[in-house]
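Numbering (this note's numbering), first residue to last: 1 to 425. Backbone N, C-alpha and C define an ideal beta-carbon position, used for all residues, glycine too. See structure below.
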Amino acid sequence: MIDIKFLRENPDLVKENIKKKFQDSKLPLVDEVIELDKKIRALKAEGEALRAQRNDLSKQIGQLMREKQIDKANEIKDIVSKNNERITEIDPLLAEYEAQILERMMVIPNIVDPSVPVGKDDSENVEIEKFGEPVVPSYEIPYHADIIAKFNGLDKEASGRTSGNGFYFMIGNIARLHSAMLSYARDFMCDKGFDYCIPPFMIRSDVVKGVMSFAEMENMMYKIENEDLYLIGTSEHSMIGRFKGQIVKEQELPITLTSYSPCFRKEVGAHGIEERGIYRVHQFEKQEMVVLCKPEESMDWYNKMWSYTVEFFRSLDIPVRTLECCTGDLADLKVKSCDVEAWSPRQQKYFEVGSCSTLGDAQARRLGIRTKGENGTYLVHTLNNTVLATPRGLIAFIENNYNEDGSISIPKVLQPYMGGLKFIK
Numbered sequence: 001m002i003d004i005k006f007l008r009e010n011p012d013l014v015k016e017n018i019k020k021k022f023q024d025s026k027l028p029l030v031d032e033v034i035e036l037d038k039k040i041r042a043l044k045a046e047g048e049a050l051r052a053q054r055n056d057l058s059k060q061i062g063q064l065m066r067e068k069q070i071d072k073a074n075e076i077k078d079i080v081s082k083n084n085e086r087i088t089e090i091d092p093l094l095a096e097y098e099a100q101i102l103e104r105m106m107v108i109p110n111i112v113d114p115s116v117p118v119g120k121d122d123s124e125n126v127e128i129e130k131f132g133e134p135v136v137p138s139y140e141i142p143y144h145a146d147i148i149a150k151f152n153g154l155d156k157e158a159s160g161r162t163s164g165n166g167f168y169f170m171i172g173n174i175a176r177l178h179s180a181m182l183s184y185a186r187d188f189m190c191d192k193g194f195d196y197c198i199p200p201f202m203i204r205s206d207v208v209k210g211v212m213s214f215a216e217m218e219n220m221m222y223k224i225e226n227e228d229l230y231l232i233g234t235s236e237h238s239m240i241g242r243f244k245g246q247i248v249k250e251q252e253l254p255i256t257l258t259s260y261s262p263c264f265r266k267e268v269g270a271h272g273i274e275e276r277g278i279y280r281v282h283q284f285e286k287q288e289m290v291v292l293c294k295p296e297e298s299m300d301w302y303n304k305m306w307s308y309t310v311e312f313f314r315s316l317d318i319p320v321r322t323l324e325c326c327t328g329d330l331a332d333l334k335v336k337s338c339d340v341e342a343w344s345p346r347q348q349k350y351f352e353v354g355s356c357s358t359l360g361d362a363q364a365r366r367l368g369i370r371t372k373g374e375n376g377t378y379l380v381h382t383l384n385n386t387v388l389a390t391p392r393g394l395i396a397f398i399e400n401n402y403n404e405d406g407s408i409s410i411p412k413v414l415q416p417y418m419g420g421l422k423f424i425k
């Protein structure tokens, strides 16, 4: 959510930003906010004037009563009474207009960084850089579900009976590999100086509204029936919500956290849930990184964060590339975002395994997360990035470490988490 003062002073810039995001239906909201803001400021000025006049008149009434000028005092009392009636009318009007402004401001998109390429959707995202050589081996790489089946590592038939489509049982060394990757991701980030955290896996609606747009919320979140609670779609939601309404000490910034959680998503949209494989599912696990920092440091942290994900996947012998997300692919709260994609030797193309975003002060403004320094109190900036989301990360690992004899190589960094195994056979 952007600052209303910024919108008031830069309406054309806000409208141009809406156009860049191909959300022209939201253009009228800018003028509506400006008109409502004018009404609010006029009502506040009127209310302040009436209260000041009431105070002055009340003093006069006391003086007139002491001087026995009863008729004159009663005339002024009538004026004070009318002022009070008008003040009681103003307060609910202010609340109504402020609620209308908030409703509109919550859906006006954040101002994107000037470096973000303009494009309608993810098909217009721009490749930035490749890391590692994307190899296509001379032997066939089977579909990931078929590879896992050779190790008796997946039972989707049983999960269909217990939970329905979009869930899975993971078994044996494949399940162990899945957990090993998450443990390694945790330690990888701790070695970078991030504090490890396990957050709540459910959050209240006010936190949901603070960390994401309404469209994202509707398409992603599972609501707990008869409770003001939602299952998290990523631990970033809990992690940012942890600081709701807080004033963080400036000397404590940046706050750098890495968090583990299961994640739950409806996956509403055109992609659909995978019937056989585990690429797109309703439930997965994730190691995340979250940073709260000063505004002037946020872009430096953004570049550090995505580079950590690249480094993590390269340590597992997985070639990756980074893509700059275009304006139309950015969620409304995001200022800038890039995806990290892993190489699939089976498909001979890259697929998304992580996403890094800076949201400026949008989440902090919604949730009231501030810091206090020598120059006063101001909103922090928030950033988030995927270290590892798996089973999607597991798919990338299996394909890139699959050998001609059907075994899976375990890179050196992962061997301690696999009991010293160098191969799964």
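Taking only the alpha-carbon atoms, compute the straight-line gap between residue i and residue j and give it to the nearest angstrom.
{"i": "G233", "j": "F169", "result": "20 Å"}
{"i": "A396", "j": "E267", "result": "20 Å"}
{"i": "K279", "j": "E227", "result": "Here residue 279 is Tyr; the residue named in the question, Lys, does not match the sequence. Cα to Cα, the separation comes out at about 30 Å."}
{"i": "T371", "j": "I424", "result": "50 Å"}
{"i": "E16", "j": "E124", "result": "19 Å"}
{"i": "G406", "j": "I2", "result": "53 Å"}
{"i": "K223", "j": "S357", "result": "25 Å"}
{"i": "I318", "j": "D37", "result": "52 Å"}
{"i": "Y402", "j": "P134", "result": "14 Å"}
{"i": "P391", "j": "H178", "result": "7 Å"}
{"i": "M105", "j": "V291", "result": "25 Å"}
{"i": "L43", "j": "P92", "result": "11 Å"}
{"i": "K192", "j": "D113", "result": "27 Å"}
{"i": "M239", "j": "S213", "result": "17 Å"}
{"i": "H144", "j": "L7", "result": "49 Å"}
{"i": "R314", "j": "S261", "result": "23 Å"}
{"i": "E46", "j": "L333", "result": "35 Å"}
{"i": "P109", "j": "E216", "result": "13 Å"}
{"i": "G393", "j": "G277", "result": "13 Å"}
{"i": "V14", "j": "N55", "result": "41 Å"}
{"i": "E225", "j": "F201", "result": "15 Å"}
{"i": "D361", "j": "R265", "result": "25 Å"}
{"i": "P28", "j": "P137", "result": "55 Å"}
{"i": "D146", "j": "V208", "result": "38 Å"}
{"i": "G354", "j": "I87", "result": "54 Å"}
{"i": "V320", "j": "W343", "result": "6 Å"}
{"i": "A99", "j": "W306", "result": "37 Å"}
In the DSSP assignment, find the beta strand (DSSP E) that holds residue i and state where it starts and stops.
{"i": "S344", "result": "336-344"}
{"i": "P390", "result": "The amino acid occupying residue 390 in the given sequence is Thr; Pro does not appear at that position. Note, T390: beta strand (DSSP E), 381-390."}
{"i": "R280", "result": "Element bounds for R280: n/a, residue is neither H nor E."}
{"i": "G373", "result": "370-373"}
Assuming residue i is part of the alpha helix (DSSP H), what are its boundary residues?
{"i": "R366", "result": "362-367"}
{"i": "I318", "result": "Note, I318: premise wrong, no alpha helix (DSSP H); not H, not E."}
{"i": "D300", "result": "298-314"}
{"i": "C325", "result": "Premise fails: C325 is in no alpha helix (DSSP H) and is neither H nor E."}
{"i": "F351", "result": "Taken as a continuous stretch (DSSP letters only), F351 belongs to no alpha helix (DSSP H), being part of the beta strand (DSSP E) at 349-358."}
{"i": "K156", "result": "156-162"}
Excluding the 5 residues preceding and the 5 following residue i in the sequence, name in chain order all residues of the same chain whose CB lies nearer than 7 Å to its CB.
{"i": "K39", "result": "Y97"}
{"i": "P11", "result": "V30, I34"}
{"i": "R204", "result": "D228, L229"}
{"i": "Y378", "result": "R370, T371"}
{"i": "Q60", "result": "I76"}
{"i": "K26", "result": "I18, V107, I108"}
{"i": "L323", "result": "N125, V126, E127, I128, C338, D339, E341"}
{"i": "V74", "result": "Reading off the sequence, residue 74 comes out as Asn, not Val. Once the five neighbours on either side are set aside, N74 has no close Cβ partner at all."}
So, for residue i: in the same chain, excluding its five sequence neighbours on each side, which residues have a beta-carbon less than 8 Å away from its beta-carbon?
{"i": "G172", "result": "F151, N152, G153"}
{"i": "A183", "result": "According to the sequence displayed, residue 183 carries Ser and not Ala. Excluding positions up to five away in sequence, the list reads Y417."}
{"i": "M189", "result": "Y196, T258, Q287, M289, Y308, V387"}
{"i": "K422", "result": "S409, I410, Q415"}
{"i": "F194", "result": "T256, L257, T258, M289"}
{"i": "P199", "result": "I232, S235, S238, M239, R242, S259, S261"}
Tell me which residues share the same chain as residue i and place their Cβ nearer than 6 Å to its Cβ, disregarding the 5 neighbours each side in the sequence.
{"i": "K72", "result": "L64"}
{"i": "Y148", "result": "Position check: residue 148 holds Ile in this sequence, whereas Tyr was assumed. Once the five neighbours on either side are set aside, the close Cβ partners of I148 are L154, I174."}
{"i": "S159", "result": "F167, Y168, F169"}
{"i": "K244", "result": "L367"}
{"i": "V413", "result": "S315"}
{"i": "V211", "result": "H237, I240, Q363"}
Which ranges does the beta strand (DSSP E) cover as unbroken runs of at least 3 residues, wholly within the stretch 90-145, from first to last along the chain? 126-131
Those runs of the alpha helix (DSSP H) which lie wholly inside the stretch 226-270 and span at least 4 residues: 235-241
List in chain order: all unbroken alpha helix (DSSP H) runs of 4+ residues lying wholly within the stretch 10-68. 11-20, 27-66
Quick check on the DSSP output: what are the complete alpha helix (DSSP H) runs of length 4 or more inside the stretch 176-222, in order along the chain? 205-211, 214-220
At a cut of 8 Å, does the stretch 73-88 reach the stretch 128-137 through at least three beta carbon pairs? no
Should the stretch 323-333 be called in touch with the stretch 110-122, which here means at least 3 C-beta pairs below 8 Å? yes
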